[in-house]
Amino acid sequence: MSNYKYHILVCGGTGCVASQSPQIKASLEQKIAEHNLTNDVQVVTTGCFGFCEKGPIVKILPDNTFYTQVKPEDANEIINEHIIKGRKVTRLLYIDPKSSERKSDSKHMGFYQKQLRIALRNCGFINPENIDEYIARDGYAALAQVLETNDPQQTIDIIKKSGLRGRGGGGFPTGLKWEIASKNPADQKYMICNADEGDPGAFMDRSILEGDPHTVLEAMAIGGFCIGASKGLIYIRAEYPLAIRRLEIAIKQARELGLLGENILNSGFSFDIELYYGAGAFVCGEETAMIHSMEGNRGEPTFKPPFPAQEGYLKKPSNVNNVETFANIPVIILKGWEWFSSIGTKNSKGTKVFALAGQINNVGLIEVPMGITLREVIYEIGGGIKGGKKFKAVQTGGPSGGCLTEKFLDTPIDYDNLLAAGSMMGSGGMIVMDETSCMVSVAKFYLDFIVEESCGKCSPCRVGNKRLYELLDKITLGKGTIDDLNLLKNLSKVIKDTALCGLGQTSPNPVLSTIDNFWDEYLAHVVDHKCPAGQCKALKSYHIDPDNCIGCGVCARNCPVGAIKGEKKMPHEINQALCIKCGTCYEKCKFNAIFIK
Amino acid sequence: MEKIKSLSDLKKKREELQSNLKLREQGENIENAIVVKVAMATCGIASGAKQVMEVIINECNKRNIPAVVTQTGCMGYCYAEPTVEVTKPGEAPIVFGYITPLKAEELVTKYIAGNELLDGIIPVNYEKIDNK
Ligand SMILES: Cc1cc2nc3c(=O)[nH]c(=O)nc-3n(C[C@H](O)[C@H](O)[C@H](O)COP(=O)(O)O)c2cc1C
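Line order of the protein sequences matches chains Y and B. When we follow the numbering used here, the leftmost residue of the first sequence carries the number 22, and every step to the right adds one. When we follow the numbering used here, the leftmost residue of the second sequence carries the number 8, and every step to the right adds one.
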């Protein structure tokens with residue numbers, strides 16, 4: 022038994038690694054060695070704590086102290102003060118923005134208070150590269166139980182009754198999906214994990230794989246047993262090198278202990294897992310395109326049916342689930358479907374992980390019970406809008422989703438409510454926008470992404486989305502007309518109805534939802550040729566108010582293109598032909614003499 | 008590495024491994040734990056605080072007492088070292104003075120496990136920074 026008196030957990034998620042968490046760990050270990058404390062203090066690299074805004078995170082146990090924005094140089098003070106003298110390093114504690122008080126543990130931080138961690142239960146707690154720590158947290162116990170019971174249908178029923186629905190976007194009931202795949206007889210079936218995660222800004226799946234890879238392996242084996250598959254395949258984008266490395270280590274360790282491979286736990290069931298690397302194309306997250314890509318063909322979707330459960334990888338029945346869906350499985354089996362289905366709303370059970378981003382104070386990864394309101398997520402967990410600005414909209418569902426406005430702030434978040442509100446759950450991207458965001462530009466941003474990512478197989482998507490993009494571009498340049506708005510709406514409907522796969526069928530959603538919720542803003546662009554948010558450069562111009570200008574020349578000196586001229590101590594002027602509308606003069610002027618028209 | 012061959016193998020392994028994470032799990036739920044702080048400044052260490060801490064940890068582990076044992080700086084009772092502060096959930100902290108390793112065992116069995124007080128209690132007359 023170990024005799025460590027302190028555990029120091031250092032975040033090893035991609036974000037914190039980029040801001041030097043490996044060096045922090047090395048410095049801590051060096052200081053620990055210098056003080057002869059190697060038998061007393063254990064330093065552990067964990068997965069993501071979620072509070073990326075304040076990373077790198079270092080947590081000290083057993084006194085549960087949460088240090089934020091730690092630097093390698095802080096190691097000395099942490100060891101000398103906290104570990105040796107038992108005094109917390111106050112300057113590294115989180116400052117509550119409301120009360121300006123320092124908070125020493127995460128339970129008293131708004132960011133964590135409303136969260137409920139099921140899929141992320143081990144992230145930021147265990148060392149993802151050590152199977153022993155996973156086993157100590159009941160790891161592989163669910164698989165052992167399922168194999169001991171030896172009744173696939175019973176396990177499928179548990180998942181069905183739990184109410185778990187797919188977290189990859191579609192929200193299909195997971196138990197039912199497994200049941201369908203289990204009933205299709207074949208000499209070989211496949212259990213596939215979709216770790217493509219192509220939504221811009223999303224990193225839920227990456228964090229689960231980096232922080233708790235074994236939970237996904239265990240769940241895949243359970244699923245494999247239920248549907249009768251002996252092979253598991255994980256399709257992961259090559260842009261996730263850390264997640265890939267942790268998966269490789271996890272697979273190796275599980276094989277060594279006999280938890281993957283032949284005759285697992287003497288049950289007669291064999292299951293092994295292989296990784297397939299994707300090149301990072303959004304459409305390859307769509308299950309049929311993903312399967313074609315795994316087969317070595319072009320990553321293009323095909324019409325469903327046949328569904329993967331009928332004809333999947335190598336034409337064999339295959340079951341595709343998302344990473345986060347899998348991460349829920351072992352806990353449901355150990356704690357029971359009754360427990361799981363007691364969390365959430367009527368038709369959406371459990372929790373959802375969101376990547377919270379945009380103009381919000383606490384950017385990061387959160388897991389919340391279904392049914393929480395957007396207001397709680399944005400103002401309590403997210404800490405409100407940055408810079409005290411006004412909330413305008415929140416985008417969910419990525420390029421397939423839509424924007425929700427103030428009137429939906431108190432709507433409980435679940436699959437059905439988000440759809441009814443004109444957006445969707447999607448895989449968990451959540452981008453918060455303030456009053457300075459132009460909604461036409463937001464729609465244009467997503468269409469730009471779609472045009473880039475469309476595989477080109479069907480014309481509605483290949484040509485239609487390009488036309489949508491051009492119309493939006495024209496509007497942001499102030500050249501749009503009312504007719505263009507009607508054209509946008511009609512074309513959107515046609516694309517939705519005729520595109521081949523989910524990508525094209527949902528790609529007009531950002532356009533339709535912004536038109537629905539922000540019609541006035543579209544009108545302002547085409548009728549008054551104004552961008553109310555002041556974001557569209559072509560629709561704004563900077564001017565100098567001669568009454569306020571004292572001729573100090575600061576604007577002229579800072580203008581990168583030399584567009585401002587004037588005599589000393591006399592009002593200056595901006596040459597509109599040269600101005601690139603960068604806004605530097607506006608920021609630099611101390612006399613409020615520059616205004617935007 | 009030896010393979011795990013059955014559910015009971017796995018359970019056995021889990022039990023062996025669980026103690027490694029106990030400290031983390033108790034720390035996450037510190038508000039339900041008995042918090043024991045051993046004063047480990049120069050004066051404390053000189054009078055045997057290190058051994059006292061070992062004894063308390065081992066005795067608590069033996070008895071499966073959910074106690075979180077940490078060290079702290081000088082509490083200002085240098086004349087009474089080694090000193091140990093015990094906070095039970097929802098109760099005010101109590102500081103015990105002159106805790107020798109032998110006394111430490113008694114502290115665990117009598118006060119931490121039971122609720123009996125020992126001699127050498129020092130009234131709490133300082134404010135803790137953690138509560139701020
Ligand atoms: C364009 C497009 C992209 C998708 N990208 C992903 C993805 O990155 N990850 C994912 O799990 N599912 C993605 N899906 C959904 C998958 O097709 C599939 O429904 C899902 O992996 C099933 O798993 P689930 O039932 O556990 O959600 C995408 C779908 C479409 C149409």
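The beta-carbon is built from N, C-alpha and C at its ideal position, and this holds for glycine as well.
Cross-strand partners of residue i (DSSP beta bridge)
i	result
residue 296 of chain Y	Y:255
residue 343 of chain Y	Y:215
residue 565 of chain Y	Y:615
residue 451 of chain Y	Y:377, Y:417
residue 92 of chain B	B:44, B:102
residue 592 of chain Y	For residue 592 of chain Y, which the question treats as bridged, DSSP gives no partner whatsoever.
residue 67 of chain Y	Y:32
residue 194 of chain Y	Y:186
residue 619 of chain Y	Nothing can be reported for residue 619 of chain Y, as the shown portion of chain Y is limited to 22 through 618.
residue 124 of chain Y	Y:115
residue 128 of chain B	B:103
residue 370 of chain Y	Y:365
residue 424 of chain Y	Y:416
residue 163 of chain Y	Paired residues: none, contrary to the question.
residue 120 of chain B	Answer is none; residue 120 of chain B lacks a bridge partner.
residue 88 of chain Y	Y:79, Y:114
residue 357 of chain Y	Its beta-bridge partners do not exist; DSSP assigns none.
residue 551 of chain Y	The partner list for residue 551 of chain Y (beta bridge, DSSP) is empty, contrary to what the question assumes.
residue 433 of chain Y	Y:394
Bounding residues of the beta strand (DSSP E) (the contiguous stretch that carries residue i)
i	result
residue 81 of chain B	No beta strand (DSSP E) contains residue 81 of chain B, which DSSP labels as neither H nor E.
residue 417 of chain Y	412-417
residue 82 of chain Y	79-82
residue 385 of chain Y	385-390
residue 103 of chain B	101-103
Interface partners of residue i on chain B, CB under 8 Å
i	result
residue 159 of chain Y	21
residue 28 of chain Y	30, 31, 34
Contacts that residue i makes with chain Y (C-beta to C-beta distance below 8 Å)
i	result
residue 17 of chain B	156, 161, 162, 165, 286
residue 44 of chain B	107
residue 64 of chain B	24, 26
residue 114 of chain B	Residues of chain Y passing the Cβ test: none, with the nearest at roughly 17 Å.
residue 75 of chain B	83, 84
residue 24 of chain B	153, 154, 156, 157
Span of the alpha helix (DSSP H), counted from its first residue to its last, around residue i
i	result
residue 185 of chain Y	Neither: residue 185 of chain Y is in no alpha helix (DSSP H) and is coded neither H nor E.
residue 623 of chain Y	Since the first residue of chain Y shown is 22 and the last is 618, residue 623 of chain Y is not available in this structure.
residue 67 of chain B	56-69
residue 576 of chain Y	575-579
residue 444 of chain Y	Neither: residue 444 of chain Y is in no alpha helix (DSSP H) and is coded neither H nor E.
residue 131 of chain Y	131-134
residue 227 of chain Y	225-232
residue 522 of chain Y	Where residue 522 of chain Y is concerned, there is no enclosing alpha helix (DSSP H), given that its DSSP letter is neither H nor E.
residue 42 of chain Y	42-55
residue 33 of chain B	14-35
residue 325 of chain Y	From DSSP, residue 325 of chain Y is part of no alpha helix (DSSP H); its letter is neither H nor E.
residue 276 of chain Y	262-277
Within chain B, the residues that residue i reaches when beta carbons sit closer than 7 Å
i	result
residue 85 of chain Y	34, 35, 37
residue 71 of chain Y	The contacting residues do not exist; residue 71 of chain Y stays about 15 Å from chain B at best.
residue 278 of chain Y	8, 10, 11
residue 388 of chain Y	Chain B residues near residue 388 of chain Y: none, gap ~16 Å exceeds 7 Å.
residue 169 of chain Y	14
Chain-ordered neighbours of residue i on chain Y, where CB pairs are closer than 9 Å
i	result
residue 48 of chain B	106, 107
Interface partners of residue i on chain Y, CB under 7 Å
i	result
residue 13 of chain B	286, 287
Contacts that residue i makes with chain B (C-beta to C-beta distance below 9 Å)
i	result
residue 25 of chain Y	27, 30
residue 98 of chain Y	By Cβ distance, chain B contributes nothing, its closest Cβ being about 14 Å from residue 98 of chain Y, past 9 Å.
residue 146 of chain Y	28, 31, 32, 35
Original post:
Does the stretch 185-198 of chain Y come close enough to the stretch 368-380 of chain Y that 3 or more CB-CB pairs lie under 8 Å?
Top reply: yes
**OP:** Report yes or no: do the stretch 434-445 of chain Y and the stretch 543-560 of chain Y share at least 3 C-beta pairs separated by less than 8 Å?
**Re:** no
Original post:
Going along the chain, which unbroken runs of the alpha helix (DSSP H) with 4 or more residues stay wholly within the stretch 467-503 of chain Y?
Top reply: 486-497
**OP:** Could you tell me whether the stretch 104-118 of chain Y touches the stretch 355-362 of chain Y, where touching means 3 or more Cβ pairs closer than 8 Å?
**Re:** no
**OP:** Mind the definition here: the stretch 466-482 of chain Y touches the stretch 524-533 of chain Y only if three or more C-beta pairs lie below 8 Å; say whether that holds.
**Re:** yes
**OP:** For the stretch 324-336 of chain Y and the stretch 158-167 of chain Y, state whether three or more C-beta atom pairs, one from each stretch, are separated by less than 8 Å.
**Re:** no
**OP:** Decide yes or no for the touch test of the stretch 24-31 of chain Y against the stretch 68-82 of chain Y: beta carbon pairs closer than 8 Å, at least 3 of them.
**Re:** yes
Original post:
Quick one: any contact between the stretch 441-450 of chain Y and the stretch 268-277 of chain Y, if contact means 3 or more CB pairs under 8 Å?
Top reply: no
**OP:** Report yes or no: do three or more beta-carbon pairs, one from the stretch 512-527 of chain Y and one from the stretch 450-464 of chain Y, lie closer than 8 Å?
**Re:** no
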